[in-house]
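Each remark here refers to the structure printed beneath this line.
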Amino acid sequence: MAKHAFLLLSSPETPGKFANPLTYARQLDEAGHQVAVYFDGAATYWFDGIEDHPDPAVRAYEDAKDLGLIAGVCDHCATFKGVTDAVEAEGFEIQGTEHAPDVAGLVDDGYELHIV
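For the sequence shown, the working numbering begins at 97 and goes up steadily by one.
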């Protein structure tokens with residue numbers, strides 16, 4: 097089986113760019129692939145007012161979260177965008193202001209990158 101890392105960079109104002117890759121991540125996981133999802137850039141705004149986002153996107157997020165597919169949120173971006181409290185309220189830790197994820201490390205570990 098393969099390894100897949102989804103790097104979500106899109107603003108939550110485009111809910112299909114959240115729902116679709118999160119659904120693909122779940123499908124790959126269910127098929128036995130190793131999956132990691134990262135929220136980076138404008139995607140960190142997702143955590144501010146999750147309940148206000150369209151249902152299909154929220155459902156896809158909750159499924160991915162319940163399956164443990166969300167590997168992290170960029171500390172730098174969450175801090176810069178002022179959403180650290182909302183990120184931490186969802187159970188993800190923000191430690192400092194380092195940019196994440198380490199894409200070179202992911203590739204070295206055999207992950208195929210999917211950037212949305």
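Each residue gets a CB set at the ideal place from its N, CA and C atoms; glycine is no exception.
**Message:** Could you compute how far the alpha carbon of Asp-151 sits from the alpha carbon of Lys-113?
**Reply:** 13 angstroms
**Message:** Quick check on Tyr-120 - is its C-beta less than 8 angstroms from some C-beta in chain D?
**Reply:** Protein chains in the displayed structure number just one, and chain D is not present.
**Request:** Using three-state DSSP, classify Gln-130 as helix, strand or coil.
**Result:** strand
**Asked** What are the start and end residues of the beta strand (DSSP E) that includes Lys-177?
**Response** Where Lys-177 is concerned, there is no enclosing beta strand (DSSP E), given that its DSSP letter is neither H nor E.
**Request:** Could you check the C-alpha separation between Arg-122 and Pro-111 for me, to the nearest Å?
**Result:** One C-alpha to the other measures close to 17 angstroms.
**Asked** Quick one, which of His-195, Leu-209, Thr-193 and Leu-165 has its alpha-carbon nearest Val-131's?
**Response** Nearest C-alpha to Val-131: Leu-165.
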